[in-house]
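Take a look at the structure set out below.
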Amino acid sequence: MQPKSTKPYTNESLQRFKEKIDFTRKCYTERLKDPTFATEVPREIGLKLTNRCDLRCTHCFQWNDEGFHRQLDKSEVKVQGDLDINIVKKLFEETRHTKSHFYLWGGEPMIYTYWNELVELLANDPRDTVVCTNGLSIKRKIDSLIKISDKLTTLVSVEGLEAQHDKLRGKGTFKKIMDNVDHLIDLQKKDVYKGHISIAAVFSEDLIPHLYECCEYFEEKGVDTLYFNFPWYIPEDEAQIMTDYYDENYSWLEKSRIKRKTWESFDFHIDMSKLNDLLAQINRILDKTWNIRIRFQPNLELHEIKGYLEGKSKAPSCKSTCLGISNRMDVMPSGSVVSCKKFTEFKMGNLHANSMKEVWHGETFNKFRETHNNELMPICAKCEILFSNGM
Numbered sequence: 056m057q058p059k060s061t062k063p064y065t066n067e068s069l070q071r072f073k074e075k076i077d078f079t080r081k082c083y084t085e086r087l088k089d090p091t092f093a094t095e096v097p098r099e100i101g102l103k104l105t106n107r108c109d110l111r112c113t114h115c116f117q118w119n120d121e122g123f124h125r126q127l128d129k130s131e132v133k134v135q136g137d138l139d140i141n142i143v144k145k146l147f148e149e150t151r152h153t154k155s156h157f158y159l160w161g162g163e164p165m166i167y168t169y170w171n172e173l174v175e176l177l178a179n180d181p182r183d184t185v186v187c188t189n190g191l192s193i194k195r196k197i198d199s200l201i202k203i204s205d206k207l208t209t210l211v212s213v214e215g216l217e218a219q220h221d222k223l224r225g226k227g228t229f230k231k232i233m234d235n236v237d238h239l240i241d242l243q244k245k246d247v248y249k250g251h252i253s254i255a256a257v258f259s260e261d262l263i264p265h266l267y268e269c270c271e272y273f274e275e276k277g278v279d280t281l282y283f284n285f286p287w288y289i290p291e292d293e294a295q296i297m298t299d300y301y302d303e304n305y306s307w308l309e310k311s312r313i314k315r316k317t318w319e320s321f322d323f324h325i326d327m328s329k330l331n332d333l334l335a336q337i338n339r340i341l342d343k344t345w346n347i348r349i350r351f352q353p354n355l356e357l358h359e360i361k362g363y364l365e366g367k368s369k370a371p372s373c374k375s376t377c378l379g380i381s382n383r384m385d386v387m388p389s390g391s392v393v394s395c396k397k398f399t400e401f402k403m404g405n406l407h408a409n410s411m412k413e414v415w416h417g418e419t420f421n422k423f424r425e426t427h428n429n430e431l432m433p434i435c436a437k438c439e440i441l442f443s444n445g446m
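All letters in the sequence shown, in the order written, are residues 56 to 446 by the numbering used here.
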């Protein structure tokens, strides 16, 4: 269920898509033979560069009033808590022959204290890279973005139009961010910035009546892709099911210092009385052919949306196997490697103490894969990694 678009794919994009399909099939085949299977090195590496952020968005599972970042030690949310650049350098060295992709996030990745050093690494060893940003620092960092733009996607979080965005992300932020996005688009048109420009918005009750208008707005702007994300909602009863599952199956993992489970922070959701309005807007968007790519994430069928928004633990679209634990590594600012991007309870090791391969093929990660055994945990149903990297 995706809107139609006149925007053509480049030959490079089509080739990457074909390679991913082939790679996914091979990875799935190997996993069926051996649940502990992992690629030689991770094909994709997520780097959470910092816990720090220069916004306090009300829907954020990290920094809203109930966000788990509020339980972090003070040192973890200061400059000294950012990911050690020496760890990043080692990851580049250990993946140079495979050219593993990087996904940069946070917090806010562009306030990472070692940003300039990271940019030099990417300039000297170009990788397909996505930087997920709130967009406030784009102009300040524009020279560095241009420097690595050949293989870069700048993914900017904009929660709809001005009223909806500012309600969630702070008064006046929409105009600041869109001024930055406009500058980036202008540089792209001049072929100075050579990368992609994407916008990501989370469905909210205030945004629903303006979805079509939002599409028109960003189509006129000329961004490459507009992503609408269904909110990742885990209600209290589902969170408790996950906690019980974790205690039963993963009590052998190193205990997290944070008492509140990370999955208890995913409380942003849409009132189900708005469902019909949302479906009407989605159908209206689907009826038009757009000049930009518009994508719903995850790619749900219309009949699956209700269960997803209600926070049901059953995964839609017959997804039953996450391949991310076999081909993707996520690194936290502390140097910890986690199997699941947003859930730090699943700690597999630390890159301060061990090399990437020692953690990736280590006893803890293999035991996790074996325990997982090609099945899904209760929280897996909402994960974007499952939908982009699962079967």
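Each residue gets a CB set at the ideal place from its N, CA and C atoms; glycine is no exception. In this text, all values refer to a predicted model and were calculated from it rather than measured experimentally.
In chain order, H251, I252, S253, I347, R348 place their CB closer than 7 Å to the CB of D279, counting only its own chain and leaving out the 5 sequence neighbours on each side. When DSSP states are grouped into helix, strand and coil, D302 belongs to the helix group. Proximity of the stretch 413-424 to the stretch 89-109 meets the contact definition, three or more beta-carbon pairs being nearer than 8 Å. Around the beta carbon of T153, fewer than 16 other beta carbons lie within 10 angstroms, which makes this residue exposed.
In this structure, DSSP gives L308 a state outside helix and strand, which the three-state scheme calls coil. Taking all protein chains in view, the Cβ of N382 is crowded by 16 or more other Cβ atoms within 10 Å, so the residue is classified as buried.
Looking at the backbone, the Cα of K244 and that of K231 are separated by about 20 Å. Between the stretch 351-366 and the stretch 321-339, the count of Cβ pairs shorter than 8 Å is three or higher; the stretches touch.
R424 is not bridged by DSSP to any residue. Our two residues, F283 and N429, have alpha carbons roughly 29 Å apart in a direct line. Counting every other CB atom within 10 Å of its CB across the protein chains shown gives W318 a total of 16 or more, marking it as buried.
According to DSSP, residue pairing for A255 in a beta bridge involves S212, Y282.
If you look at N141, you'll find it in the alpha helix (DSSP H) that goes 140-149. In the structure shown, K329 adopts helical secondary structure according to DSSP, grouped into three states. Between the alpha carbons of T105 and Y158 lies a gap of roughly 13 Å. Check the Cα spacing between S199 and each of L176, S212, G215: the tightest is with L176.
Taking C-alpha positions only, L173 is separated from A335 by approximately 44 Å. Only exposed fits S306, as fewer than 16 other CB atoms lie within 10 angstroms of its CB. With fewer than 16 other CB atoms across the displayed protein chains lying within 10 angstroms of its CB, P181 is exposed. The alpha-carbon of G379 is positioned some 14 Å away from that of L87.
Short of 7 Å from the beta carbon of V257, and not among the five residues preceding or following it, lie these beta carbons of its own chain, in chain order: H114, E214, N284, P286. Cβ-Cβ distances below 6 Å link F323 to H114, P286 in the same chain, with the five nearest sequence neighbours on each side left out; the list follows chain order. Here R107 is buried, its C-beta having at least 16 other C-beta atoms within 10 Å. Remark: C-beta atoms of L146 and V185 do not approach each other more closely than 9 Å. Q352 and P58 have their C-alpha atoms spaced approximately 12 Å apart. With a cutoff of 9 Å on beta-carbon distance, V414 and L406 are scored as near each other. Residue environment for S375: exposed (fewer than 16 other C-beta atoms within 10 angstroms of its C-beta). R224 and C112 have their C-alpha atoms spaced approximately 4 Å apart. Cβ contact annotation for T188 (same chain, cutoff 8 Å, sequence separation greater than five): E163, P164, M165, T209, L210, V211, S212, in chain order.
Going by DSSP, F351 is part of the beta strand (DSSP E) stretching over 348-352. Between K276 and I240, the gap from beta carbon to beta carbon is short of 9 Å. Shortest Cα-Cα distance from A436 to any of D342, E293, K310, L281 involves E293. C-alpha of S320 to C-alpha of E95: approximately 34 Å in a straight line. Within the same chain, and ignoring the five residues on either side of R151 in sequence, the residues whose Cβ sits closer than 8 Å to its Cβ are D180. Minimum Cα-Cα distance from S389 among the listed residues N304, L102, M56 corresponds to L102. The C-beta of K81 has fewer than 16 other C-beta atoms within 10 Å across all chains shown, which makes the residue exposed.
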